[in-house]
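To keep things clear, I will list the structure first and then write my remarks on it.
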Amino acid sequence: MIFHGTKNGFHVSIRQLATEQHDLIIKYCGELSIFVLKSEHVPSGIPGLDEILGGGYPRGRVILITGGPGSGKTMMAMQFLLDGVNRFDERGVFVSLEETRHHLITETSNFGWDIEKYEKKNQIAIVDASPLRQVSKEGDQGGEQPLTSLSTPPEQEKGVRIRGPDFSIQALTTVIRSYVRVTRATRIVVDPITSLSLQFLDSHQRRGAIIDLLESLIGMGTTSLVTTEIASQFSFENGHREIPPEEYLCHGVLILHNSHVAGRGMVSAIEIEKMRECKHDRQLHPYSITEQGIAVYSERFLG
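Residue numbers (this note's numbering): 12 to 314.
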């Protein structure tokens, strides 16, 4: 985006905008100043991924990560939050619509990630928000654990129920906003929105719920990752892929492929289907799940 101008008032307004969300480059051509606003990128935390993203995720946007079971969606999202805390002191909220907090912490410990340590420091919050689990009196007491700095979890404080039969998108977004406020988070993960298809059986209700959730995330101004199962997304009609609403609303879409290649067996590859505000790579690149997490091999190509 390019702006032209020489008046001081115009210069100040551009500088203010640039300091809020963008890097500013000023080029002088004679008496005319040309302002170039470059979108700020947020590192993904995945080795090799930023190289093909063109620098990282666009800040303040919502990115969709889709893939089959075991493709590494949850891991990729968690690495994003951990990298934010460890390298940039940017706090995060992880909203789980499928795994319990206990299972999530146990699984991530296999990669040497001590999530509870970050919880105690009020750096990462885990929100157990599965709409599929019924809330019992015992579950209310032993479900979500409050952050150490909080006497009461935000959802209990507001009297909002986000699990079981009372689940609603409005309640969920209210709780997310509360956790973002309390932790001062700038990064959010919602994993996976596929669970909403089981809560909202009617296709129109499901579509509306997903749209409401994504619009709420966009409105929060955080950099957000949303995951979904590739099976629910890739349906075909008359030989053409039906594009789900989340792809239209999200600013970027990453697809994690698991394909069988002759002579090589199962190969995992990542594709950047779209990424607004980024000059991204459009090739298929292999990736692997290592003991430290996901790594993308940006120098290699498939296909």
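Beta carbons: idealized from backbone N, C-alpha and C, even for Gly.
Problem set entry | Collapsed DSSP secondary structure at K285 in the structure displayed | Here the question's residue 285 lines up with position 274 in the sequence shown. Reduced to three states, the DSSP call for K285 is strand.
For this session: Note the first and the last residue of the continuous alpha helix (DSSP H) segment covering R203.
Result: In the sequence shown, residue 203 corresponds to position 192, counting from 1. Reading the sequence as shown, one finds Pro at residue 203 and not Arg. It is not in any alpha helix (DSSP H) - P203 carries neither H nor E in the DSSP assignment.
Exercise. Is it right to say R275 is buried, meaning 16 or more other beta carbons lie within 10 angstroms of its own, or is it exposed?
Worked result: Mapped onto the sequence shown, residue 275 falls at position 264. Classification of R275: exposed, given that the 10 Å Cβ count is below 16.
Exercise. Can you name the start and end residues of the alpha helix (DSSP H) that H215 belongs to?
Worked result: One-based indexing of the sequence shown puts residue 215 at position 204. Where H215 is concerned, the enclosing alpha helix (DSSP H) stretches over S214 to M231.
Problem set entry | Other residues of its chain near I305: CB distance less than 7 Å, five sequence neighbours each side excluded | Taking the sequence shown and counting its residues from 1, one reaches residue 305 at position 294. So the qualifying residues of the chain are I57, G83, M86, M87, Q90 and Y298.
Exercise. Per DSSP, M277 forms a beta bridge with which residues?
Worked result: What you label residue 277 is simply residue 266 of the sequence shown in a count that begins at 1. DSSP, once it has assigned bridges, lists H271 as partnering M277.
Exercise. Would you say V106 reaches chain C, if we count a Cβ-Cβ gap shorter than 8 Å as a contact?
Worked result: In the structure shown, chain C does not exist; there is a single protein chain.
For this session: Out of R112, E257 and R287, state which residue places its alpha-carbon closest to the alpha-carbon of G65.
Result: Mapped onto the sequence shown, residue 65 falls at position 54. When each option's Cα is compared against that of G65, the closest is R287.
For this session: Could you name the residues of the same chain whose beta carbon sits closer than 6 Å to that of G103, not counting the 5 residues immediately before and after it, in chain order?
Result: As a working mapping, residue 103 is identified with position 92 in the sequence shown. Cβ neighbours of G103 beyond the five flanking positions: L92, G95, I135, A196 and R198.
For this session: Can you grab the Cα-Cα spacing for the pair S189 / D61, in whole Å?
Result: In the sequence shown, the residue the question calls residue 189 occupies position 178. In the sequence shown, the residue the question calls residue 61 occupies position 50. If I take the Cα positions, the gap works out to 30 Å.
For this session: Compare the beta carbon distance of L108 and S206 with 8 Å and say whether it is the shorter of the two.
Result: For the purposes of this step, residue 108 is identified with residue 97 of the sequence shown, where counting begins at 1. For the purposes of this step, residue 206 is identified with residue 195 of the sequence shown, where counting begins at 1. Result yes, Cβ atoms of L108 and S206 sit closer than 8 Å.
Exercise. With which residues is G78 paired in a DSSP beta bridge?
Worked result: Taking the sequence shown and counting its residues from 1, the one referred to as residue 78 is at position 67. The partner list for G78 (beta bridge, DSSP) reads E240 and L267.
Exercise. In the structure shown, what three-state DSSP assignment does D125 receive?
Worked result: Residue 125 sits at position 114 when you count from the first residue of the sequence shown. DSSP places D125 in coil when its eight states are reduced to three.
For this session: Can you tell me the Cβ-Cβ gap for L295 and A280, rounded? I've got them flagged as a contact below 8 Å.
Result: Taking the sequence shown and counting its residues from 1, the one referred to as residue 295 is at position 284. Taking the sequence shown and counting its residues from 1, the one referred to as residue 280 is at position 269. About 4 Å separates the two Cβ atoms, so the contact holds.
For this session: Using beta-carbon positions only, say whether F99 and V200 come within less than 8 Å of one another.
Result: The count along the sequence shown starts at 1 and reaches residue 99 at position 88. The count along the sequence shown starts at 1 and reaches residue 200 at position 189. It is not a contact, given that the beta carbons lie outside the stated cut-off.
Exercise. What are the partner residues of T234, as DSSP defines its beta bridges?
Worked result: For this step, residue 234 is matched to residue 223 along the sequence shown. Per DSSP, R198.
For this session: Would you kindly report the start and end of the unbroken beta strand (DSSP E) that includes D139?
Result: Numbered from its first residue, the sequence shown carries residue 139 at position 128. That run of the beta strand (DSSP E) goes I135 to D139.
Exercise. Can the beta-carbon of A220 be found closer than 8 Å to that of I180?
Worked result: As a working note, residue 220 is residue 209 in the sequence shown. As a working note, residue 180 is residue 169 in the sequence shown. Going by C-beta atoms, A220 is nearer than 8 Å to I180.
For this session: Rounded to whole angstroms, what's the CA-CA distance from R293 to I76? Just pull it up for me.
Result: Taking the first residue of the sequence shown as position 1, residue 293 is located at position 282. Taking the first residue of the sequence shown as position 1, residue 76 is located at position 65. One C-alpha to the other measures close to 16 Å.
Problem set entry | Endpoints, the alpha helix (DSSP H) within which G95 is located | The residue labelled residue 95 in the question sits at position 84 within the sequence shown. Note, G95: alpha helix (DSSP H), K84 to F99.
Exercise. For the putative contact between I63 and H291, defined by C-beta atoms under 8 Å, what is the C-beta separation to the nearest angstrom?
Worked result: For this step, residue 63 is matched to residue 52 along the sequence shown. For this step, residue 291 is matched to residue 280 along the sequence shown. Confirmed, Cβ separation roughly 6 Å.
Exercise. First and last residue of the alpha helix (DSSP H) that includes E111?
Worked result: Residue numbering aside, residue 111 sits at position 100 when the sequence shown is read from its first letter. The sequence shown places Thr at residue 111, not Glu. Careful: T111 lies outside any alpha helix (DSSP H) and carries neither H nor E.
Exercise. Leaving out the 5 sequence neighbours to the left and right, which residues in its chain are closer than 7 Å to L236 when beta-carbon positions are compared?
Worked result: The residue labelled residue 236 in the question sits at position 225 within the sequence shown. Cβ within range, chain order: I74, I76, A88, F91 and V200.
For this session: In the DSSP assignment, find the unbroken beta strand (DSSP E) run with I300 in it and report its ends.
Result: As a first step, residue 300 is located in the sequence shown; it is residue number 289 there, counting from the start. For I300, the enclosing beta strand (DSSP E) starts and ends at H296 to T301.
Exercise. Considering only the beta carbon of each residue, do E101 and R70 sit closer than 8 Å?
Worked result: Along the sequence shown, read from residue 1 onward, the residue named residue 101 stands at position 90. Along the sequence shown, read from residue 1 onward, the residue named residue 70 stands at position 59. No, Cβ-Cβ distance for E101 and R70 is not below 8 Å.
Problem set entry | C-alpha gap between Q216 and D223, whole angstroms | In the sequence shown, the residue the question calls residue 216 occupies position 205. In the sequence shown, the residue the question calls residue 223 occupies position 212. Cα-Cα distance, rounded: 10 Å.
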